[in-house]
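Residue numbers (the working numbering), protein chains in the order written: chain R, 54 to 200; chain V, 54 to 200; chain Y, 54 to 200; chain F, 54 to 200.
First comes the structure, then the notes that go with it.
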């Protein structure tokens, strides 16, 4: 039905955040629900930007709107295990960025799931596309992974 | 950065479920967070399957595992508005199905967001691919939309 | 272990909002998770305040901080059923309000769960207690239920 | 309006789980939403029971139904900070348990929020109250804090 993606290695990501799963992450089938993975995408992207000084949720004039997301699922994860969210930047445009995220069981080398997340940066009030700020561009360059 | 999808018309979907947004759907930017849209994908797909008699969460021998999801976002939605989730089946394989979902503001003709969701049907215990049951296949045919 | 609360009748509430359950509301035990009920509390309280013109999420100078919440659970609810959230105001202080919420299966007279929610109204910037505005006080009076 | 609870010290809890906040935990006011705290209650209680060998989500004959929860909020928490969830057992009945949970900013001695959670243990199928198993009773005794 689709050319299935292959799981990435941990070494292909540039920044990692450990995340504790929660009771509510498991759905009725006893594994982490497909939607929860996207909440981890949001979490690692914004954690990186905030900790890098590139985003201030309250005050930044420019904020990232999500225009496209995608995820491929390879192996189940389940509460109460902890996971590592890996992040890299795949491409940087004038006002948009493609982030790629891999989710790994603790100690695992291959991703349990992976996907991407395209941010278009816009003025917080007008919601019109805005150029990437210098601090943001710097933060992105530090985790840029050329394919 | 990517060939952007164009929003679908409401008439291209075959089944609809009205959903009330919730306070927690809005994130700090005051609009529905990108992750929430996927929880509506899950909701309309499973609501349709359960109400059609094709899925019994507790007892079905065969359950759907999600192997790939994707969403494109066109217009913001925000609590407290209600939305309509539209559903159609785009293709039916031997043990997999591609669902397509459009999310519409009440009264709007064009989708605010749309995406797909690929289920592989597996045996609940072994998690090995399993043939679609006759009731499931019937339910899928009723909302099959040839491109 | 505790003097258990008794379920309220639907007629003891003053405002109602129908809410569609979602796939993710069910936890691994196949019923709506206890946490989700509180997301419905937030939803009906804020929906009422916004629709009454008493709260503008973006612009109100005064916002409600939650200082205490409580819920008693009587009967299970489960996706895909719809529910009705009932709301009343139990007491109005100078800068605080006690809301009471009952959650009903569609068509049921007795609450499946009920609880309360105490808002202290504060200045959005300083987070210091602030007097209730006249429009807020009016909106609260309209659903005030004397015990 | 209510005799406000006072924040507990960290030393009054017996088991701790570090939890990474997530982007979606913050609501439109830029702090962790009141509902999310309850998802941490669920998480630390069940993590403790599973890691202690007292609960097997898939197979345990006896499962805990939540009959009452309550939370008092003292100080705001916000993504991306990490928190520690502290747990103790306050009372053990024949088929019910009162858990108490304190949520702490990393390094803080006083709880940012605290509450309780009453589980009634029931047979998974019949949903009738069931005696606490010996492994469960042992696990509870190890974190029992006499007031």
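Glycine included, every Cβ here is placed at the ideal spot set by N, Cα and C.
For residue 139 of chain Y, the beta-bridge partners assigned by DSSP are Y:69 and Y:155. Collapsing the DSSP output to three states places residue 189 of chain V in a helix.
Contacts with chain V at 9 Å (Cβ-Cβ) include residue 92 of chain R. When 8 Å is used as the limit between beta carbons, residue 128 of chain R is near no residue of chain Y, the shortest such separation being about 19 Å.
Separation of the CB atoms of residue 153 of chain F and residue 143 of chain F is rounded to 5 Å, and the pair is thereby assigned contact status at 8 Å.
Rounded to the nearest whole angstrom, the C-alpha separation of residue 115 of chain Y and residue 178 of chain Y is 9 Å. Listed by position along chain Y, the residues whose Cβ is nearer than 9 Å to that of residue 80 of chain R are 76, 77, 79, 80 and 81.
Within its own chain, the residues whose Cβ lies closer than 6 Å to the Cβ of residue 120 of chain Y, once the five positions on either side in sequence are excluded, are 171 and 173, listed in chain order. The region 105 to 114 of chain V and the region 178 to 198 of chain R do not touch, with fewer than three beta-carbon pairs separated by less than 8 Å.
Under the three-state reduction of DSSP, residue 170 of chain F is assigned to strand.
Collapsing the DSSP output to three states places residue 96 of chain F in a helix. Take the alpha-carbon of residue 157 of chain R and the one of residue 127 of chain R: they are about 11 Å apart. For residue 149 of chain R, the three-state secondary structure derived from DSSP is strand. Distances from the CA of residue 117 of chain V to each of V:176, V:162 and V:62 were compared; the closest alpha carbon is that of V:176.
In the structure shown, residue 177 of chain R falls within a coil segment according to DSSP collapsed to helix, strand and coil. At a cut-off of 9 Å between beta-carbon atoms, residue 110 of chain V makes contact with chain R.
Interface residue (Cβ-Cβ distance to chain F less than 9 Å): residue 175 of chain V is not classified as such.
In the three-state reduction of the DSSP assignment, residue 64 of chain F falls in the helix class, which pools H, G and I. Counting every other CB atom within 10 Å of its CB across the protein chains shown gives residue 123 of chain R a total of 16 or more, marking it as buried. At least 9 Å separates the beta-carbon of residue 100 of chain Y from that of residue 93 of chain V.
For residue 118 of chain R, the uninterrupted beta strand (DSSP E) run begins and ends at 115 to 126, by DSSP.
In the assembly as shown, residue 198 of chain V is an exposed residue. Its beta-carbon has fewer than 16 other beta-carbons within 10 Å.
Residue-level contact check: residue 116 of chain F does not touch chain V, since none of the beta carbons of chain V fall below 9 Å from its beta carbon. According to DSSP, residue 81 of chain F shares a beta bridge with no other residue.
Cβ contact annotation for residue 90 of chain F (same chain, cutoff 8 Å, sequence separation greater than five): 124, 126, 156, 166 and 168, in chain order. Its chain contains 97, 100 and 138 as the residues whose beta carbon lies nearer than 6 Å to that of residue 70 of chain F, once the 5 sequence neighbours on both sides are disregarded; these appear in chain order. Classified as exposed, residue 159 of chain F has fewer than 16 neighbouring CB atoms from the shown chains inside 10 Å of its CB.
The beta carbon of residue 147 of chain V sits closer than 7 Å to the beta carbons of 184 from its chain, once the five residues preceding and following it are set aside; these are given in chain order.
Legend: CB atoms of the region 167 to 193 of chain V lying less than 8 Å from CB atoms of chain Y are not found in any residue. In chain order, 75 and 76 make up the part of chain Y whose C-beta sits under 7 Å from the C-beta of residue 96 of chain V. Your pair residue 58 of chain V and residue 162 of chain V does not check out as a contact, with CB atoms roughly 16 Å apart and the cut at 8 Å. Cβ contact annotation for residue 102 of chain Y (same chain, cutoff 6 Å, sequence separation greater than five): 108, in chain order. With its beta carbon at least 9 Å from every one in chain V, residue 121 of chain Y lies outside the interface. For residue 69 of chain V, not one C-beta of chain Y is nearer than 9 Å to its own C-beta. Apart from sequence neighbours up to five positions away, the residues of its chain that approach residue 181 of chain R with a beta-carbon distance below 7 Å are 175, ordered along the chain. Residues of chain V whose Cβ lies closer than 9 Å to the Cβ of residue 199 of chain R do not exist, since the nearest Cβ in that chain is about 16 Å away.
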